[in-house]
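Count along the sequence shown from 1, add 251, and you get the number used in our numbering.
Backbone N, C-alpha and C fix where the C-beta goes; we use that ideal spot for every residue, glycine too.
Each remark here refers to the structure printed beneath this line.
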Amino acid sequence: MRMISMSMLIPKPRPLLNIQTGGGGGLDMQALINQRALIPQSEKIVVVMGATGTGKSRLSIDLATRFPAEIINSDKMQVYRGLDIVTNKITDDERKGVPHHLLGMIDPNADFTANNFCSMASCAIKSIIGRGKLPIIVGGSNSFVEALIENDNRFRSRYNFCCLWVDVPIPVLHSFVSDRVDRMVERGMVDEVKNIFNPNHFDYSRGIRRSIGVPEFDRFFRAKPFCDEEAQARLLDEAINQTKINTCNLACHQLDKIIRLKNVKGWKIHRLDATEVFTKQGQGQGQEEADEAWENLVVGPSTKIVSKFLFNHHATMVYSNPAPVRLGMGMAMPVAAAASTH
């Protein structure tokens with residue numbers, strides 16, 4: 252494992268970590284760096300969880316621009332090539348230069364299983380750690396993550412992991428998901444699905460054709476050549492509405508899985524309440540206010556959790572204030588026990 256210096260821990264773009272010892276004396280940053288380098292005690296992984304539409308990908312990028320990290324996709328539909336709108340893949344611009352693994356690389360007709368994911372994710376993890384980076388696993392397919400962590404005894408003996416859960420109440424999320432499907436339609440989702448439609452193909456149980464937003468349009472495309480414009484519009488509305496319903500059902504299923512992992516499997520999962528972010532967006536208060544809530548309620552707490560998980564200390568991370576400040580600490584560096592992860 253390569254040594255990771257304190258400078259790699261500081262959130263970007265404004266490194267503002269200052270620490271005050273329990274005795275009240277100030278310990279400046281350079282003195283801390285000169286005194287010791289902080290080294291993770293074992294090979295560690297961060298997992299970002301949440302229902303569809305809650306902002307998992309956004310948080311993973313925020314973390315990867317604050318820590319030296321690379322991202323492993325665990326969404327079972329986003330692993331396939333194609334249907335970027337339907338599967339809601341993160342765009343190149345949104346990635347902000349952060350390397351992504353298992354994203355849009357599998358043949359769309361292949362049957363990619365949990366075992367396939369475990370094998371390829373394990374290779375990606377080793378490669379990322381070998382470069383001195385932090386693997387961040389993110390995606391809505393909790394069954395893939397559970398298989399990786401629960402079904403491979405070597406995983407638990409080698410890695411320590413920290414789970415972050417971006418949570419939004421289902422009624423609030425359903426409204427957002429409905430709006431998101433409308434935006435996907437505006438971006439060209441219907442044409443994207445039409446390009447892979449095959450009137451001789453009836454199987455939607457394998458590969459990328461299982462994606463929500465593909466089988467829902469089958470009836471529309473089959474009937475369209477034989478219908479007038481009014482009937483076509485009705486069938487299109489039915490397909491869009493069914494896509495919304497199935498996406499909302501998926502969100503409920505994903506939420507149930509996270510709760511089961513927490514309450515039944517005993518995973519220590521850090522819940523981050525993003526309700527205010529979505530509420531501000533829904534009330535039309537402006538993107539700036541929503542972004543500020545995201546930083547304060549999701550990114551800030553997540554950064555502190557990951558910092559403690561990696562380096563076993565109580566330093567408070569500050570990255571939104573343009574001027575350095577001193578922050579109190581209960582104890583000097585670094586004596587706190589690592590965050591428990593299951």
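The C-alpha of Glu481 lies about 12 Å from the C-alpha of Ala474. Here the alpha carbon of Val297 sits roughly 10 Å from the alpha carbon of Leu314.
Judged by pairs of C-beta atoms under 8 Å, the region 326–337 touches the region 361–369, as three or more such pairs exist.
Considering only Met440, Asp524, Asn547, Lys295, the residue with the shortest C-alpha distance to Ser408 is Lys295. Annotation for Asn451: no alpha helix (DSSP H) segment contains it, and DSSP assigns it neither H nor E.
Annotation for Val549: no beta strand (DSSP E) segment contains it, and DSSP assigns it neither H nor E. Around the beta-carbon of Arg309, 16 or more other beta-carbon atoms lie within 10 Å, marking it buried.
Residue burial annotation: Cys478 is exposed, with fewer than 16 other C-beta atoms found within 10 angstroms of its C-beta. About 6 Å separates the CB atoms of Val436 and Ile491; that is less than 8 Å, so the two are in contact. For Asp313, the uninterrupted alpha helix (DSSP H) run begins and ends at 307–315, by DSSP. Selection Phe453, Phe427, Ile463 evaluated against Val419 yields Phe427 as nearest (Cα-Cα). Asn451 has its alpha-carbon roughly 31 Å from the corresponding atom of Gly391.
Between Lys307 and Val417, the gap from beta carbon to beta carbon is short of 7 Å. When secondary structure is reduced to three states using DSSP, Met435 falls in the helix class. If you draw a straight line from the Cα of Glu543 to the Cα of Gly537, it comes to about 10 Å.
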